[in-house]
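Chains as they are written, first to last, in our numbering: chain H, 67 to 189; chain W, 318 to 424.
The structure appears right after this line, and notes come after that.
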Amino acid sequence: EVQLVESGGGLVQPGGSLRLSCAPSGFSFSDHYMDWVRQAPGKGLEWVGRSRNKANRYTTEYAASVKGRFTISRDDSKNSLYLQMNSLKTEDAAVYYCARAGESSGWRDFDSWGQGTLVTVSS
Amino acid sequence: DIQLTQSPSFLSASVGDRVTITCRASQGISTNLAWYQQKPGKAPKLLIFAASTLQSGVPSRFSGSGSGTEFTLTISSLQPEDFAAYYCQQLLTYPITFGEGTKVEIK
């Protein structure tokens, strides 16, 4: 069974940093594209960024709203996906989901999601 | 960026009703569209990918259609567990974008 478990959320001041983690299981992590998607309270879904698979050298893509501030990385030895968030703004406050991209569609959708971790940005 | 416009934003329906949600893309995206269902406090769940392919395990009352700029998600007979928010999502080009969502509530 595919499982994705996020951790690392919490309260941080504006301008601060936080690192989120995602622990995947039940599939070959290195073979899959992985994404971060967020949802501000009471709002819709917003894509944050992507890490391609090992075959594509784990290259990344980011939303314009986070580019230069957020970094996605992986540690295959620890079977983990990370989202390093720097220079946080109040508008970054959201539930952050780790999501697996669907291979059947050529990585064009998200076929598994974690339960989410809440990030609050406030002074 | 490709914008996705969902309509309606909100709909009220009864159990057994046929429900249709529309998603319009700001430019042609072929069939690079997916639909998700999200219940309060839960993660989204993939329903449909490639515009019309039903994800494994999803009930057959859900169907998707369309290509280019106009897409629909249809629930043929609304069930109590279908009351939720629904989102469309595209990946023809980055950034990946979502529609604003449609909330389906009980009439």
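Think of the CB as a built atom: it goes at the ideal place given N, C-alpha and C, for glycine as much as any other residue.
query = Which word fits residue 361(W), buried or exposed, when buried means at least 16 other C-beta atoms lie within 10 angstroms of its C-beta?
reply = buried
ask   = In the DSSP assignment, what residue or residues form a beta bridge with residue 67(H)?
value = Its beta-bridge partners do not exist; DSSP assigns none.
query = Out of 331(W), 359(W) and 347(W), which has the shortest C-alpha to C-alpha gap to residue 402(W)?
reply = For the set 331(W), 359(W) and 347(W), the Cα lying nearest the Cα of residue 402(W) is the one of 359(W).
Among 112(H), 95(H), 119(H) and 120(H), nearest to residue 130(H) - alpha-carbon criterion = 112(H)
key: Cβ-based burial, residue 67(H) [other Cβ within 10 Å; buried from 16]   = Classification of residue 67(H): exposed, given that the 10 Å Cβ count is below 16.
key: Residues near residue 167(H) in its chain [Cβ-Cβ closer than 8 Å; skip 5 each side]   = 98, 99, 100, 101, 116, 173, 174, 175, 176 and 177
query = Taking the beta strand (DSSP E) that residue 382(W) falls in, what are its first and last residues?
reply = 379-384
inquiry  = Please classify residue 349(W) as buried or exposed, where buried requires at least 16 other C-beta atoms within 10 Å of its C-beta.
reply    = buried
key: Unbroken stretches of the beta strand (DSSP E), 3 residues or longer, contained in the stretch 355-423 of chain W   = 362-366, 379-384, 387-392, 402-407 and 419-423
query = What separation, rounded to the nearest whole angstrom, lies between the Cα atoms of residue 333(W) and residue 421(W)?
reply = The alpha-carbon of residue 333(W) is positioned some 13 Å away from that of residue 421(W).
inquiry  = Can you list, in chain order, the residues of its chain with a C-beta nearer than 6 Å to that of residue 387(W)? Leave out the 5 residues immediately preceding and following it.
reply    = 341
task = Would you decide whether residue 121(H) is buried or exposed? Buried here means 16 or more other CB atoms lie within 10 Å of its CB.
result = exposed
request  = Consult DSSP for residue 133(H) and reduce its assignment to one of helix, strand or coil.
outcome  = strand
Chain-order list of residues whose beta-carbon lies under 8 Å from that of residue 406(W) (same chain, five-residue window excluded) = 321, 350, 351, 352, 353, 413, 414, 415 and 416
ask   = Just reading off the beta strand (DSSP E) that residue 115(H) is part of, what are its end residues?
value = 111-117
task = Step through the CB atoms of chain H and report whether any lies within less than 8 Å of the CB of residue 417(W).
result = yes
key: Buried versus exposed, by CB contacts within 10 Å (16 or more), residue 171(H)   = buried
ask   = Does any residue of chain H bring its CB to less than 8 Å from the CB of residue 406(W)?
value = yes
ask   = Taking 8 Å as the CB-CB cut-off, is residue 129(H) touching chain W?
value = yes
request  = Taking the CB atoms as reference points, tell me whether residue 89(H) and residue 159(H) lie closer together than 8 Å.
outcome  = no
key: Members of the stretch 375-399 of chain W that neighbour chain H once the beta carbon cut-off is set at 9 Å   = none
query = Mapping DSSP to helix, strand and coil, what is residue 176(H)?
reply = Note: residue 176(H) maps to strand in three-state DSSP.
query = Does residue 111(H) have its Cβ less than 8 Å from a Cβ in chain W?
reply = yes
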